[in-house]
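Order-wise, the sequence lines are chains A and B. Residue 1 is where the first sequence starts when you use the numbering used here, and the numbers rise one by one after that. Residue 1001 is where the second sequence starts when you use the numbering used here, and the numbers rise one by one after that. Quick reminder that beta carbons are idealized off the backbone N, C-alpha and C, glycines included. Only one structure is covered here, and it is reproduced in the block below.
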Amino acid sequence: MADSDTLTKTRDATALDVPWNVVVHDDPVNLMGYVTWVLMKIFGYDEKRAAGLMLQVHQLGRSIVWTGQREKAEFYVQQLQAHLLQTSLEKAA
Amino acid sequence: MKITPTRGGGLRIDAEEPGDWLLLKGIAHDAVSGDEKPARRLGQLITDEEVAADWRDYVMPDLEAGFVADVLHVTTAIAAARFEAGDGPGPLWITREDAFPWYGTLNQARLALEERFHFGGHESVDPADLLPVPRAAFLRSHLYCAIQSLLLEHAL
C-alpha cells in the first residue's frame, strides 16, 4: 500500500513537468483588434507578436499563444476566458 | 441615438427618444438570453478530463460571477441614466473605468445572439433576407458591435 502511494505521487510529479499549451480558438464574435489587445494585456506581448497570433487564430482557427507549466497555463486560460475568448489548454506534443 | 467619444477616454451615448432606452435595455436582456451560461460555453473546449473536472468545480463559478457582475453593472448604469433623463432624451456616460464591463456585456449579448441565430460574419448576412425576429436580432448585434469598436478604439 505504501509502495502504491509512492508510485502515484511519482506519476503526478512527472505529469506536472509536461508543458501545456494555451490555445485560443476562432469565434464569430470577437473583434480582431480586441483579441490583439487581450493578448498584449495578459501576456505582455508587443503589438506585432500579438497581432501575428491573432491572425493565426483568424486564418487557421486556432493558435498556441503560450506554452509552459500547467498551473500557469490554467491561470492564463482563466484570464483569457474572463475576457470571453474561446480558450483551451492541452498537453504540448 | 448618437454615440461620441469623450475627451476623458470614454463614450457618451445620447438617447434621443424613449425607444433608444429600450434598445439599450435590450443589451442586458440579450446578454442573458443564451441557453448556456457563458462560462460553461467557454469551458467546452477544455477536454482533458482531469483539467475539465477542476475547471467545472473551481474556475467556472468565479468566471460566471464576473460575467453576471458585468451585466449588472451595465443594467444599473442604463437604468440610472434613463431615470435621470425621465425616459426622454438624455446622455449615458461610459467612462474609461467602465469600458471593460461594457465591452464584456456587449460580447455576452453578441455571443448569445450568435448561439441562437448563427449569423456568422456580419458581412455575409443581408438583413433583408431575414425574418423579422432574426432581422431585429441581427441589427441589435450590429449596433453592439459598433459600440464595441468605439470602446476598443477610444476607451480600452
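For residue 1078 of chain B, tell me which candidate among B:1009, B:1127 and B:1014 has the shortest Cα-Cα distance.
In this structure, B:1014 is the residue among B:1009, B:1127 and B:1014 with its C-alpha nearest to the C-alpha of residue 1078 of chain B.
At a cut of 8 Å, does the region 1107-1126 of chain B reach the region 1029-1036 of chain B through at least three beta carbon pairs?
Per the Cβ contact rule, the region 1107-1126 of chain B is in contact with the region 1029-1036 of chain B (3 or more Cβ pairs under 8 Å).
Please state if the CB of residue 54 of chain A and the CB of residue 36 of chain A are separated by a distance shorter than 7 Å.
Judged by beta-carbon spacing, residue 54 of chain A lies within the 7 Å limit of residue 36 of chain A, meaning their Cβ atoms are closer than that value.
Hey, out of B:1113, B:1095, B:1037 and B:1017, whose CA is closest to residue 1144 of chain B's CA?
If you compare the alpha carbons of B:1113, B:1095, B:1037 and B:1017 with that of residue 1144 of chain B, the shortest gap goes to B:1113.
Let me know the alpha helix (DSSP H) ranges lying completely inside the region 1051-1112 of chain B, each 4 residues or longer, listed in chain order.
Listed in chain order, the complete alpha helix (DSSP H) runs (minimum 4 residues) inside the region 1051-1112 of chain B are 1060-1084.
Exposure of residue 1151 of chain B, with buried meaning 16 or more beta-carbon neighbours within 10 Å:
Residue 1151 of chain B comes out buried.
Note down the Cα distance separating residue 129 of chain A from residue 1065 of chain B, rounded to an integer number of angstroms.
Residue numbering for chain A in the displayed model covers 1 to 93; residue 129 of chain A lies beyond these limits and cannot be assessed.
Just how far apart, CA to CA, sit residue 70 of chain A and residue 1019 of chain B?
Their backbone Cα atoms lie some 49 Å apart in a straight line.
With 16 as the cutoff for other CB atoms within 10 Å, does residue 1124 of chain B come out buried or exposed?
When all chains shown are included, residue 1124 of chain B counts as exposed.
DSSP on residue 36 of chain A, reduced to helix/strand/coil?
Under the three-state reduction of DSSP output, residue 36 of chain A falls in the helix class.
Contact between the region 1040-1050 of chain B and the region 81-90 of chain A (3+ Cβ pairs under 8 Å)
Touching, per the Cβ criterion.
Residue 24 of chain A - containing beta strand (DSSP E), residue span:
From DSSP, the beta strand (DSSP E) with residue 24 of chain A extends over 20-25.
Would you identify the three-state DSSP class for residue 68 of chain A, choosing helix, strand or coil?
DSSP places residue 68 of chain A in strand when its eight states are reduced to three.
Using DSSP bridges, identify the partner residues of residue 1135 of chain B.
Note: residue 1135 of chain B sits in no beta bridge, so no partner.
Take residue 1115 of chain B as the anchor and find which of B:1012, B:1016 and B:1037 has the nearest alpha-carbon.
The shortest C-alpha separation from residue 1115 of chain B is found at B:1037.
Which value, in whole angstroms, describes the spacing of the CA atoms of residue 1137 of chain B and residue 1070 of chain B?
Those two C-alpha atoms are separated by around 21 Å.
Assuming residue 29 of chain A and residue 80 of chain A are in contact, meaning their beta carbons sit under 8 Å apart, how far apart are those beta carbons, in whole angstroms?
In this structure residue 29 of chain A does not touch residue 80 of chain A by the C-beta definition: roughly 14 Å separates them, more than the 8 Å allowed.
Can you find the residues in the same chain that come closer than 8 Å, C-beta to C-beta, to residue 1126 of chain B, ignoring five residues on each side of it along the sequence?
Beyond the five residues adjoining it in sequence on each side, residue 1126 of chain B comes within less than 8 Å, by CB distance, of no other residue in the same chain.
Determine which residues of the region 28-42 of chain A have a Cβ less than 8 Å from any Cβ of chain B, and write them out in chain order.
Of all residues in the region 28-42 of chain A, those with a C-beta nearer than 8 Å to a C-beta of chain B are 28, 29, 30, 31, 33, 34 and 37, reading in chain order.
Below 8 Å on the Cβ atoms is my guess for residue 1091 of chain B versus residue 1081 of chain B; work out the distance and round it to an integer in Å.
Their Cβ separation, rounded to whole angstroms, is 7 Å, which keeps residue 1091 of chain B and residue 1081 of chain B in contact under 8 Å.
Burial state of residue 59 of chain A, where buried means 16 or more other Cβ atoms lie within 10 Å
The residue is exposed, with fewer than 16 neighbouring Cβ atoms inside 10 Å.
Does the beta-carbon distance from residue 18 of chain A to residue 91 of chain A come in below 7 Å?
For the pair residue 18 of chain A and residue 91 of chain A, the CB atoms are nearer than the 7 Å cut-off.
If you drop the 5 nearest sequence neighbours on each side, which residues of the same chain put their C-beta closer than 6 Å to that of residue 24 of chain A?
If the five residues before and after residue 24 of chain A are omitted, its C-beta is found closer than 6 Å to the C-beta atoms of 57, 63, 65, 85 and 87, all from its own chain and listed in chain order.
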